[in-house]
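S.K.: Take a look at this one; I'll ask things after.
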Amino acid sequence: MNFDLHPEQSKSGAAVLCEGISRAFTGAGLVLDHITFQIQPGEFVALLGPSGSGKSSLLRLTAGLDRADEGRLSIEAGQEAVSRGFVFQEPTLIPWRNVLRNTTLPLELQGWETDKAEARAEEELRRVRLVDFAARYPHELSGGMKMRTSVARALITRPNLLLLDEPFAALDEPTRHALQQQLREIWTALGMTVLFVTHSISEAVFLADRVIVLSQRPARILLDSAINLPPARTAALRTSLNYVQEMSRISAAVPIPEANA
Amino acid sequence: MNPNARMSSLLPPLLPLLVSMGVFELAVRSGWVPSYLIPAPSEVVRSLIDDRLELAMAGWTTLSSALVGLLLSFSAGTLFAIALSSSDLARRAFYPYAVFFQTVPIIAIAPLLVIWFGFGQPTVIASAAIVSVFPIIASTLLGLKSTEPALVDLFTLYSATTRQMLYMLKIPFALPQIFSGLRIASGLAVVGAIVGEFIGGGGLGSVVDSARTQQRIDRVFAAVLISALLGVVLVGAVNFVSALTLGSWHTSERKP
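So the sequences go chain by chain: A and B.
Just so we're aligned, residue 20 is where the first sequence starts under the working numbering, counting upward by one.
Just so we're aligned, residue 435 is where the second sequence starts under the working numbering, counting upward by one.
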């Protein structure tokens with residue numbers, strides 16, 4: 020596939036240090052139980068766990084949208100300021116803004132001039148192959164296009180930490196596969212740190228270089244393992260023996276929900 | 435819409451009207467219903483034609499009072515709702531007083547309005563504003579409180595200021611509810627204006643009042659017809675602005 024990537028804009032990734040993080044919610048009780056892990060700058064890490072295990076809660080903490088009850092979470096990007104991009108489970112687009120203006124939103128909130136923000140947005144839309152749809156409104160887009168807009172919006176601030184919360188879960192399989200490959204290529208080109216939350220073992224293994232498996236609630240880390248696959252993730256990889264072996268190794272660690280779950 | 439399609443969409447509401455008018459005409463002319471209770475539709479039409487100038491002037495006075503009252507209640511109600519939406523404490527402290535405006539019988543406090551504002555238009559405007567303010571507060575507040583949580587997260591993530599959150603997210607998101615409050619309020623503003631005119635004088639309210647004392651029941655009906663028309667015009671104007679504003683994005687205004 021021929022994507023218009025801009026390796027010259029690569030930015031070093033941020034490092035994430037999560038030390039003994041715990042979080043409880045009224046009603047739900049303890050959700051995260053002393054979670055400790057470290058992510059190196061530029062790593063692509065998948066956070067894998069059953070539904071309701073607290074993956075999203077952990078991601079929200081990392082995004083600064085919530086505070087931990089206990090523990091320490093620090094994000095550092097060396098000389099640069101930490102800049103986060105977030106892709107939600109739903110595309111979370113603003114219905115009265117077209118694709119271009121949805122993409123410029125983070126820059127507008129930071130006080131950028133419209134011309135400059137739009138020029139940058141066009142670049143990001145070209146990256147996700149949506150530049151021809153810039154004038155469309157969200158209700159005129161397919162599910163995959165909405166999600167690509169959401170990814171372009173997350174990339175527009177050139178984040179050194181990209182956080183994704185099961186972004187492709189609602190898409191059909193061919194679209195999901197295409198977007199997974201596209202995300203991997205964007206990461207290869209830009210080199211930011213990626214933390215990708217998913218409940219799909221195949222998705223985690225295909226995308227990430229390292230997988231952290233969480234237990235059922237209250238979440239603890241069951242496995243933290245590198246994925247032994249080549250850096251280039253192509254469609255052919257999905258049917259390779261290596262991929263299947265890595266999937267079965269990881270799935271052995273993933274807790275099986277109880278029958279009545 | 436072609437002429438045939440327009441006709442077939444107009445026919446269902448027109449048919450019952452024409453039939454009932456025909457029945458009333460027959461009932462009054464044959465003496466089954468005394469004309470001092472219900473006028474023959476032809477009498478009402480004659481009154482509309484004969485008194486057209488006076489009715490048009492009165493209608494214009496009522497419409498302008500209702501419009502000014504609506505503008506007042508819209509600006510005050512929206513600002514009040516924005517203030518209430520900013521904190522739970524403010525909402526708990528002041529919302530009950532907003533409910534007061536809905537439950538207060540306007541006919542009972544209209545004499546007070548005359549004492550405060552004197553006879554004439556200010557009393558009429560105040561009456562229209564008081565009657566129409568609650569739906570605006572309630573709908574705007576509901577709209578401002580129902581912003582999609584993920585969008586609030588998105589704005590928080592990019593450190594949006596309170597002002598950006600309000601103008602770029604919460605108010606646009608609340609627009610469909612704001613318009614639906616405005617639709618209800620615009621009908622009520624006409625009712626409020628006419629009640630105000632009963633006491634404060636002028637407009638269709640005075641026409642109805644004086645026609646009633648003169649036993650001119652046909653004129654009462656003609657004035658009531660005009661006032662209903664004013665309500666329809668105001669609601670239509672709100673619908674027009676709503677379609678212009680929300681047309682490109684909101685399901686309620688999207689063309690199939």
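Virtual Cβ for every residue (Gly too), placed ideally from N, Cα, C.
Quick caveat: nothing in here was measured; it's all calculated off a predicted structure.
Relative to chain A, which residues along the stretch 586-604 of chain B have a C-beta separation below 9 Å, given in chain order?
M.R.: Within the stretch 586-604 of chain B, the qualifying residues are D587, L588, F589, T590, L591, Y592, S593, A594, T595, Q598, M602 and L603.
S.K.: Tell me, please, whether the stretch 44-55 of chain A touches the stretch 143-151 of chain A by the rule of three or more beta-carbon pairs shorter than 8 Å.
M.R.: The answer is no - the stretch 143-151 of chain A does not touch the stretch 44-55 of chain A, with fewer than three Cβ pairs under 8 Å.
S.K.: Got a sec: which bits of the stretch 570-586 of chain B sit with their beta carbon under 8 Å from any beta carbon on chain A, in order along the chain?
M.R.: So the list reads E582, A584 and L585, given in the order they occur along the chain.
S.K.: Taking only three categories from DSSP, how would you classify A33(A)?
M.R.: Here the question's residue 33(A) lines up with position 14 in the first sequence. Three-state result, A33(A): coil.
S.K.: Using CA atoms only, rank isn't needed, just tell me which of S676(B), I516(B), P468(B) and A500(B) is closest to I628(B).
M.R.: Along the second sequence, one-based indexing puts residue 628(B) at 194. Minimum Cα distance to I628(B) is reached at A500(B).
S.K.: CB-CB under 6 Å to T557(B), same chain, minus the five flanking residues each way: which ones, in chain order?
M.R.: Residue numbering aside, residue 557(B) sits at position 123 when the second sequence is read from its first letter. Contacts found: L547, V548, F551, G630 and G634.
S.K.: Does any residue of chain A have a CB that is nearer than 8 Å to the CB of P610(B)?
M.R.: Numbered from 1 along the second sequence, position 176 holds the residue referred to as residue 610(B). Cβ-Cβ to chain A under 8 Å: no for P610(B).
S.K.: Pop quiz: L84(A) and K74(A) are said to be a contact at Cβ under 8 Å. What is the actual Cβ separation, rounded to whole angstroms?
M.R.: Numbered from 1 along the first sequence, position 65 holds the residue referred to as residue 84(A). Numbered from 1 along the first sequence, position 55 holds the residue referred to as residue 74(A). Actually they do not touch by this definition, with Cβ atoms about 14 Å apart.
S.K.: For the putative contact between T176(A) and P125(A), defined by C-beta atoms under 8 Å, what is the C-beta separation to the nearest angstrom?
M.R.: If you number the first sequence from 1, residue 176(A) lands on position 157. If you number the first sequence from 1, residue 125(A) lands on position 106. Right, their Cβ atoms sit about 5 Å apart.
S.K.: Report the start-end ranges of each alpha helix (DSSP H) in the stretch 62-120 of chain A that is 4 residues or longer and not cut off at the edges.
M.R.: Entirely contained in the stretch 62-120 of chain A, the alpha helix (DSSP H) runs reaching 4 residues are, in chain order, 74-82.
S.K.: Just curious, the alpha helix (DSSP H) that H196(A) is in, first and last residue?
M.R.: By one-based count along the first sequence, residue 196(A) stands at place 177. Looking at the DSSP string, the run of the alpha helix (DSSP H) that includes H196(A) is E192 to L209.
S.K.: Report the rounded CA-to-CA distance for L119(A) versus S443(B), giving the unit in angstroms.
M.R.: Numbered from 1 along the first sequence, position 100 holds the residue referred to as residue 119(A). Numbered from 1 along the second sequence, position 9 holds the residue referred to as residue 443(B). So the alpha carbons of these two residues sit roughly 40 Å apart.
S.K.: Flag this pair as touching only if the stretch 105-112 of chain A and the stretch 148-166 of chain A have three or more C-beta atom pairs under 8 Å; answer yes or no.
M.R.: Judged by Cβ distances under 8 Å, the stretch 105-112 of chain A makes contact with the stretch 148-166 of chain A, as three or more pairs qualify.
S.K.: Using the Cα positions of N21(A) and Q108(A), report the straight-line distance between them to the nearest angstrom.
M.R.: For the purposes of this step, residue 21(A) is taken as residue 2 along the first sequence, with counting starting at 1. For the purposes of this step, residue 108(A) is taken as residue 89 along the first sequence, with counting starting at 1. Reliability fails at N21(A), whose pLDDT of 39 lies under 50, so the model's placement of it is uncertain and the value that follows must be treated cautiously. Distance between the alpha carbons of N21(A) and Q108(A) is about 27 Å.
S.K.: In whole angstroms, what separates the C-alpha of S29(A) from that of L248(A)?
M.R.: The residue labelled residue 29(A) in the question sits at position 10 within the first sequence. The residue labelled residue 248(A) in the question sits at position 229 within the first sequence. Caution applies to S29(A), whose pLDDT of 45 falls short of 50 and renders its modelled position unreliable; the model cannot decide the point.
S.K.: Name the two residues that bound the continuous alpha helix (DSSP H) containing G626(B).
M.R.: Taking the second sequence and counting its residues from 1, one reaches residue 626(B) at position 192. Element bounds for G626(B): I605 to G634.
S.K.: For the stretch 538-545 of chain B against the stretch 592-606 of chain B, are there 3 or more C-beta pairs whose distance is under 8 Å?
M.R.: No: fewer than three Cβ pairs fall under 8 Å.
S.K.: Mapping DSSP to helix, strand and coil, what is I215(A)?
M.R.: By one-based count along the first sequence, residue 215(A) stands at place 196. For clarity, residue 215(A) is Phe in the given sequence; the question names Ile instead. Three-state result, F215(A): strand.
S.K.: Alpha carbon to alpha carbon, how far is G621(B) from A572(B)? Give it in angstroms, no decimals.
M.R.: Within the second sequence, numbered from 1, the residue matching residue 572(B) stands at position 138. Within the second sequence, numbered from 1, the residue matching residue 621(B) stands at position 187. Their backbone Cα atoms lie some 16 Å apart in a straight line.
S.K.: Using a cut-off of 7 Å between C-beta atoms, extract the partners of P125(A) located in chain B.
M.R.: As a working note, residue 125(A) is residue 106 in the first sequence. Chain B residues near P125(A): Y592.
S.K.: Identify the continuous alpha helix (DSSP H) that holds I651(B) and give its terminal residues.
M.R.: On the second sequence, position 217 is the one that residue 651(B) refers to. That run of the alpha helix (DSSP H) goes I651 to L680.
S.K.: Where DSSP assigns a beta bridge to R229(A), which residues make up the other side?
M.R.: For the purposes of this step, residue 229(A) is taken as the residue at position 210 of the first sequence. Per DSSP, V64(A) and A245(A).
S.K.: Just checking my contact of N643(B) with E477(B) at CB under 8 Å: how many whole Å lie between their CB atoms?
M.R.: The residue given as residue 643(B) occupies position 209 in the second sequence. The residue given as residue 477(B) occupies position 43 in the second sequence. Contrary to the premise, residue 643(B) reads as Asp rather than Asn in this sequence. That belief does not hold up - the Cβ atoms of D643(B) and E477(B) are roughly 19 Å apart, past 8 Å.
S.K.: Would you call the CB atoms of L424(B) and I516(B) closer than 8 Å?
M.R.: With chain B running from 435 to 690 in the structure shown, residue 424(B) is simply not present.
S.K.: Less than 7 Å separating the Cβ of G552(B) from some heavy atom of the ligand ZN?
M.R.: The ligand ZN is absent from the structure shown, which contains no ligands of any kind.
S.K.: Is there a Cβ from chain B that is less than 8 Å from the Cβ of A153(A)?
M.R.: Looking up residue 153(A) in the first sequence gives position 134. No, A153(A) lies away from the interface with chain B (no Cβ there is under 8 Å from its Cβ).
S.K.: Where P26(A) and L518(B) are concerned, what is the direct C-alpha to C-alpha distance, given to the nearest angstrom?
M.R.: The residue labelled residue 26(A) in the question sits at position 7 within the first sequence. The residue labelled residue 518(B) in the question sits at position 84 within the second sequence. With a pLDDT of 41 at P26(A), under the threshold of 50, the modelled position of that residue is not reliable, and the figure given next carries that caveat. Looking at the two C-alpha atoms, the distance is approximately 49 Å.
S.K.: Using DSSP bridges, identify the partner residues of A43(A).
M.R.: Working through the first sequence from its first residue, we reach residue 43(A) at position 24. Partner(s): L49(A).
S.K.: Three or more C-beta pairs closer than 8 Å, one from the stretch 52-66 of chain A and one from the stretch 249-261 of chain A: is that the case here?
M.R.: These segments do not touch.
S.K.: Have a look at L78(A) and V170(A) and give me their C-alpha separation to the nearest angstrom.
M.R.: Position 59 of the first sequence, counted from the first residue, corresponds to residue 78(A). Position 151 of the first sequence, counted from the first residue, corresponds to residue 170(A). Using only the alpha carbons, I get a separation of about 16 Å.
S.K.: Any beta carbon of chain B sitting closer than 8 Å to that of H158(A)?
M.R.: Within the first sequence, residue 158(A) is the residue found at index 139, counting from 1. Cβ-Cβ to chain B under 8 Å: yes for H158(A).
S.K.: Does the distance from the C-beta atom of S221(A) to that of M164(A) stay below 8 Å?
M.R.: Position 202 of the first sequence, counted from the start, is the residue given in the question as residue 221(A). Position 145 of the first sequence, counted from the start, is the residue given in the question as residue 164(A). Their beta carbons are not under 8 Å apart, which means S221(A) does not touch M164(A) by this criterion.
S.K.: Assuming contact is defined by CB atoms lying nearer than 8 Å, are R229(A) and S244(A) in contact in what I supplied?
M.R.: Position 210 of the first sequence holds residue 229(A). Position 225 of the first sequence holds residue 244(A). Result yes, Cβ atoms of R229(A) and S244(A) sit closer than 8 Å.
S.K.: Over what stretch of residues does the alpha helix (DSSP H) that includes D184(A) continue unbroken?
M.R.: Translated into the one-based positions of the first sequence, residue 184(A) becomes position 165. Unbroken run through D184(A) is the beta strand (DSSP E), L180 to D184; no alpha helix (DSSP H).
S.K.: In chain order, what residues of the same chain have a beta carbon less than 7 Å from the beta carbon of R195(A), not counting five sequence neighbours either side?
M.R.: One-based indexing of the first sequence puts residue 195(A) at position 176. The residues are F187.
S.K.: Quick check on DSSP: helix, strand or coil for E582(B)?
M.R.: To locate residue 582(B), count along the second sequence from 1; it is residue 148. Reduced to three states, the DSSP call for E582(B) is coil.
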